[in-house]
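K.L.:
Got a structure for you, written out below as structure tokens; questions coming shortly.
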Amino acid sequence: MDEQRVAEFYNAVGCSYDRSLYFLACDPLYQAEIARFTRGRRFRRVLDLGCGTGKQTLLLAPFADEVWAIDLSAESLRQAEARCARAGFRNVRFLQQSIVALPAEDGSVDAIFSYGDVISHVNVAYLQVFAESARVLTPGGLMAFEVDGKWELDMLLHNPEERARARATRGMGHLRIWRDIPCKTFTGPEIRRILLKAGLRPVRIRGVNIFHCLLPETVLFGLPQEVGAAWRMASAVLQRLDAAIGILPGFCRLASTRLVAAVKR
Ligand SMILES: C[S@@+](CC[C@H](N)C(=O)[O-])C[C@H]1O[C@@H](n2cnc3c(N)ncnc32)[C@H](O)[C@@H]1O
């Protein structure tokens, strides 16, 4: 049921959400992480879990013999396919299905990327996503992904109702409701525990969206041309601040989302 709701949501917003100030702010960090993990490497097969409109698929395609771009949303996949075709990439397979069961054989994938908070959308079966990723990865293979952080600054300052729910969920993340979609949040120790149990060794965790998420919701999810120059300027300043402090443990804990990288043992 959740999957159907998620697919319907992204089918409906597919044409514009990825150009909102929020997602535009995330892009440079995703690009930097992808550059870090692809530099000087050649992969045989890479999976892009929850590829959406294909922003990261496009960055991964030059480094792999083949990329499998997987998403629930037909409209997002249509746009991802058009984006890759425009760029001339013919090594991408587009698969409309859930990431809860991956269509690859054991040990047949060199790297998995999943940016844009995809795994948090899988708020019930998220353990299955990690187990499946570990199953399909080759030993030494990389899993780089983003998940919601539990103690985000915006919630702590502005959302007493959610704060109470977070406090009631001890030792693990709670559900954050975003546009009627429940998203699973994670604590740092929880995500480390889950990864280790799945056979994945965490190698890097950084926070993103710390102060930037304090901007009003209408600004965050507005298009840059709609929000005005002053908000665009505020966004640029906060993005720079977040980029600089997101690697510090105290600030990472307050981040709305975290970028995590792990290696298959
Ligand atoms: C915020 S978008 C991010 C898209 C893209 N990675 C980006 O950063 O631009 C989240 C995507 O995850 C997809 N998604 C959510 N749950 C999924 C699931 N269980 N299986 C496959 N895709 C899923 C949604 O359809 C949506 O396209």
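The numbers in numbering that gives the first Met the number 0 rise by one with no breaks, and the one at position 143 of the sequence shown is 142. We treat Cβ as the ideally placed atom computed from N, Cα and C, and that holds for glycine. None of the values given here were measured: they were computed from a predicted structure.
Measure the CB-CB distance between Ile98 and Val121 and report whether it falls below 8 Å.
P.N.:
Along the sequence shown, one-based indexing puts residue 98 at 99. Along the sequence shown, one-based indexing puts residue 121 at 122. Cβ atoms of Ile98 and Val121: closer than 8 Å.
K.L.:
Around the C-beta of Arg178, are 16 or more other C-beta atoms found within 10 angstroms, so that it is buried, or is it exposed?
P.N.:
Position 179 of the sequence shown, counted from the start, is the residue given in the question as residue 178. Exposed is the call here.
K.L.:
Who are the Cβ neighbours of Arg40 in its own chain at under 7 Å, not counting the five residues just before and after it?
P.N.:
Here the question's residue 40 lines up with position 41 in the sequence shown. So the qualifying residues of the chain are Phe62.
K.L.:
For the beta strand (DSSP E) containing Ala124, list its first residue and its last residue.
P.N.:
For the purposes of this step, residue 124 is taken as residue 125 along the sequence shown, with counting starting at 1. It is not in any beta strand (DSSP E) - Ala124 carries neither H nor E in the DSSP assignment.
K.L.:
Starting from the Cα of Arg200, find the closest Cα among Glu225, Leu247 and Ala261 and give me that residue.
P.N.:
Sequence index remark: in the sequence shown, residue 200 carries index 201 (1-based). Out of Glu225, Leu247 and Ala261, Ala261 has the C-alpha closest to the C-alpha of Arg200.
K.L.:
Per DSSP, which residues does Phe129 bridge with? Please list them.
P.N.:
In the sequence shown, residue 129 corresponds to position 130, counting from 1. Phe129 is not bridged to any residue.
K.L.:
Please specify which runs of the alpha helix (DSSP H), each continuous and at least 4 residues long, are wholly inside the region 180 to 246, giving them in chain order.
P.N.:
For the region 180 to 246, whole alpha helix (DSSP H) runs of length 4 or above, ordered along the chain, are 187 to 197, 216 to 219, 223 to 226 and 228 to 244.
K.L.:
What number of angstroms, rounded off, separates the C-alpha of Asp116 from the C-alpha of Trp230?
P.N.:
One-based indexing of the sequence shown puts residue 116 at position 117. One-based indexing of the sequence shown puts residue 230 at position 231. Going from the Cα of Asp116 to the Cα of Trp230 covers about 24 Å.
K.L.:
Any idea what DSSP makes of Met154, helix, strand or coil?
P.N.:
For the purposes of this step, residue 154 is identified with residue 155 of the sequence shown, where counting begins at 1. Helix.
K.L.:
Tell me whether Lys54 counts as near ligand 1, meaning its Cβ is closer than 7 Å to at least one heavy atom of that ligand.
P.N.:
Start at 1 with the first residue of the sequence shown, and residue 54 comes out as number 55. Because some heavy atom of ligand 1 lies under 7 Å away, the Cβ of Lys54 counts as near it: yes.
K.L.:
Measuring only from the beta carbon, is Phe22 closer than 7 Å to any heavy atom that is part of ligand 1?
P.N.:
Here the question's residue 22 lines up with position 23 in the sequence shown. Checking the Cβ of Phe22 against ligand 1 gives yes.
K.L.:
Among residues of its own chain, excluding the 5 on either side of Gly198, which ones have a beta-carbon nearer than 8 Å to its beta-carbon?
P.N.:
Counted from its first residue, the sequence shown places residue 198 at position 199. Closer than 8 Å at Cβ, skipping near neighbours: Ala133, Lys263 and Arg264.
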